[in-house]
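For the protein sequence lines, the chains are A and P, in the order given.
Every letter in the first sequence is one number past the one before it in my numbering, and letter 194, counting from 1, is 237.
Every letter in the second sequence is one number past the one before it in my numbering, and letter 25, counting from 1, is 68.
Have a look at the structure below, then the notes.
2 protein chains.
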Amino acid sequence: MEGTIAGEGTRTTRKEAMAETRRKLMAAGREAFGTIGYAEASMDDLTAAAGLTRGALYHHFGDKKGLLRAVVEEIDREMSERLGAISAAAGSRWQGLVDEQVAYIRMALEPEIQRIMFRDAPAVFGDLSQWPSASACVAALKAHLDALLAEGAIVEIDTEAAARLISGAGGYAATWIATSEDPAETSARAVASFRTLLDGLRARGM
Amino acid sequence: MEGTIAGEGTRTTRKEAMAETRRKLMAAGREAFGTIGYAEASMDDLTAAAGLTRGALYHHFGDKKGLLRAVVEEIDREMSERLGAISAAAGSRWQGLVDEQVAYIRMALEPEIQRIMFRDAPAVFGDLSQWPSASACVAALKAHLDALLAEGAIVEIDTEAAARLISGAGGYAATWIATSEDPAETSARAVASFRTLLDGLRARGM
DNA sequence: CGATTTGACATACGCGCCGTATGCCACTAT
DNA sequence: ATAGTGGCATACGGCGCGTATGTCAAATCG
């Protein structure tokens, strides 16, 4: 029924092979884009590292940008999941917001995320948060702010705009930290100031 | 004495000619980088548009990145001047800070600044605020915050870190606005939220 | 179960663009 | 006026992207 001799388990049906090469290309893309960067990455080298040729790449992703797009979407999903788990584990809603944003900054310190999501992708695609898969991080942050506003826990503010401003500040903080000489110390400073800045949004009546 | 026939005024001494070609190349660079972007800009086309060839470019700037570097430094100086004038014209120190930051966001709406300073330059050079000429905008903002902190007008905070966070939020707001469908309305929302966010830094005792 | 079709991927090609090496000629110095 | 300097143009090599074409294994159908 499957066109194979028996239930050999690791037999190479067409779909499996395709998924495998796709995974190889994505992995090679994350590796190359995350280290030497998008502009410097050669598609010949990248595909060769995956044990393939450019033919496979253009078949699956159309062009060089297509591979970057796929990689970005994958990383975006992973980030959302991790952030969601963190805010869900927090004690209060406010604490969840703070934890999530601090985690966001810390995630942006990971070289792969730093380089691909905060440096190359915006240059190639313009603004990320305007996507179909719209950088779910901003969306989650807005939802958080909406809930807090409804509770009266924060001052009156346009939650979408605020979410974008906060996210922008966090992203910039990450690049500042990543390019500094002492990332650990810089990170501590950035996070502390970030907490102060966020605290300014809490409702004054306490 | 000048190697020319007479005091013709517009006679071509060596230095003048060099300065002129440099200006032409910079102008062509700002035009090309500011519209089609750094990656898509062909140095053949760019130099031809300036009435020159790639020979002149590589003589003056070394390579493609060299021209971008020079363009970025020039724009950075212009931005600092404009922002300094704005904050100097404000009534109070706090008002100067707010005006300056709002102006920063609005400046980032200019296509040339948006594309070159906020999109391409960070991708090519990494973080801008770590430069020799260190994006004077951040430095000016930090100085502002230092003064306000000394006056007791804002809450206790690491002023450099805060300056970078604020600048990051502003920069991101600008790209959000620039890529939105209705920039005017989005701009109003961003600026309003930005004011609220800044307001959270003011000393609670009023 | 064998013939035919499909399509995933490799190979081959052309073009554009960058960076360098070389050449030319106007301006400078003596 | 003559020798020399250097700003800029021209010529060359190489690389990387995107496309067109080929190939062979897996899927489909009688």
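Even glycine gets a Cβ: it sits at the ideal position worked out from N, Cα and C.
Please read these numbers as outputs of a predicted model, since none were measured by experiment.
Asked	Found
Just how far apart, CA to CA, sit P/Ala62 and P/Ala99?	12 angstroms
Cβ-heavy atom distance between A/Arg125 and the ligand HEM below 6 angstroms?	Inclusion of the ligand HEM in the displayed structure is not the case, the ligand content being empty and no account of it being possible.
Which residues in the same chain as A/Leu110 place their Cβ atom closer than 7 angstroms to its Cβ, once the five residues preceding and following it in sequence are excluded?	Leu68, Gly72, Leu100, Phe104
Classify A/Gln157: buried if its beta carbon has 16 or more other beta carbons within 10 angstroms, exposed otherwise.	buried
Using a Cβ-Cβ cut-off of 7 angstroms, state whether P/Gly98 counts as contacting chain A.	no
Give me, in chain order, the residues of the same chain whose beta-carbon lies closer than 8 angstroms to that of A/Arg136; leave out the 5 immediate sequence neighbours on both sides.	His187, Ala190, Leu191, Glu194, Ala196
Give me, in chain order, the residues of the same chain whose beta-carbon lies closer than 8 angstroms to that of P/Leu152; leave out the 5 immediate sequence neighbours on both sides.	Ala217, Ile220, Ala221, Pro226, Ser230
Look up P/Arg162 in the DSSP assignment and say whether it is helix, strand or coil.	helix
Beta-carbon of A/Tyr215 versus every beta-carbon of chain P: anything under 7 angstroms?	yes
Taking the alpha helix (DSSP H) that A/Ala196 belongs to, which residues open and close that run?	Unbroken run through A/Ala196: none, as it is neither H nor E.
Using a C-beta to C-beta distance shorter than 9 angstroms, which residues of chain P count as neighbours of A/Ala82?	Ala82, Ala166, Val167
What did DSSP end up calling A/Arg232 once you bin it into helix, strand or coil?	helix
Measuring CA to CA, which of A/Cys180, A/Tyr215, A/Tyr147 is closest to A/Arg162?	A/Tyr215
So P/Tyr215 is in the alpha helix (DSSP H); what residue range does that whole segment cover?	202-222
So, is P/Pro154 buried or exposed, given that buried needs 16 or more other C-beta atoms within 10 angstroms?	exposed
Using 8 angstroms as the Cβ pair cut-off and three pairs as the minimum, do the region 120-134 of chain A and the region 77-92 of chain A touch?	no
Nearest chain A C-beta to P/Leu208 closer than 7 angstroms, yes or no?	yes
Is P/Ile129 near P/Ala146, with beta carbons less than 7 angstroms apart?	yes
Listing by chain order, which chain P residues have their CB less than 9 angstroms from the CB of A/Val198?	Thr239, Asp242, Gly243
Have a look at P/Val141, P/Gly94, P/Asp119 and flag the residue whose alpha-carbon is nearest the alpha-carbon of P/Arg245.	P/Val141
Taking CB distances under 7 angstroms as the criterion, tell me whether A/Gly105 reaches chain P.	no
Kindly list, in the order they appear in chain A, the residues whose Cβ is closer than 8 angstroms to that of P/Asp163.	Ala166
How about P/Leu240 and A/Leu208: do their beta carbons lie closer than 7 angstroms?	yes
Interface residues of chain P around A/Gln173 at Cβ under 7 angstroms?	Thr222
Short of 8 angstroms in beta carbon distance, which residues of its chain neighbour P/Glu238, apart from the five on each side in sequence? Order them along the chain.	Note that residue 238 of chain P is Arg in the sequence shown here, rather than Glu. Val141, Val145.
Measure the beta-carbon distance from A/Arg232 to P/Asp201 and round it to whole angstroms, keeping in mind my assumption that it falls under 8 angstroms.	5 angstroms
Please confirm whether A/Thr218 has its beta-carbon closer than 7 angstroms to some beta-carbon of chain P.	yes
For A/Gly134, count the other beta carbons within 10 Å of its own beta carbon; 16 or more makes it buried, fewer makes it exposed. Which is it?	exposed
Going by the beta-carbon positions, is the gap between A/Ser178 and A/Glu116 smaller than 7 angstroms?	no
So what's A/Arg245 in DSSP terms, helix, strand or just coil?	strand
With H, G and I counted as helix, E and B as strand and the rest as coil, what does DSSP make of P/Asp170?	coil
Excluding sequence positions up to five away, which residues of its chain have a Cβ less than 7 angstroms from the Cβ of A/Ala206?	Val181, Leu184, Lys185, Leu188
To which residues of the same chain is A/Asp242 closer than 8 angstroms at the C-beta, ignoring the five residues directly before and after it?	none
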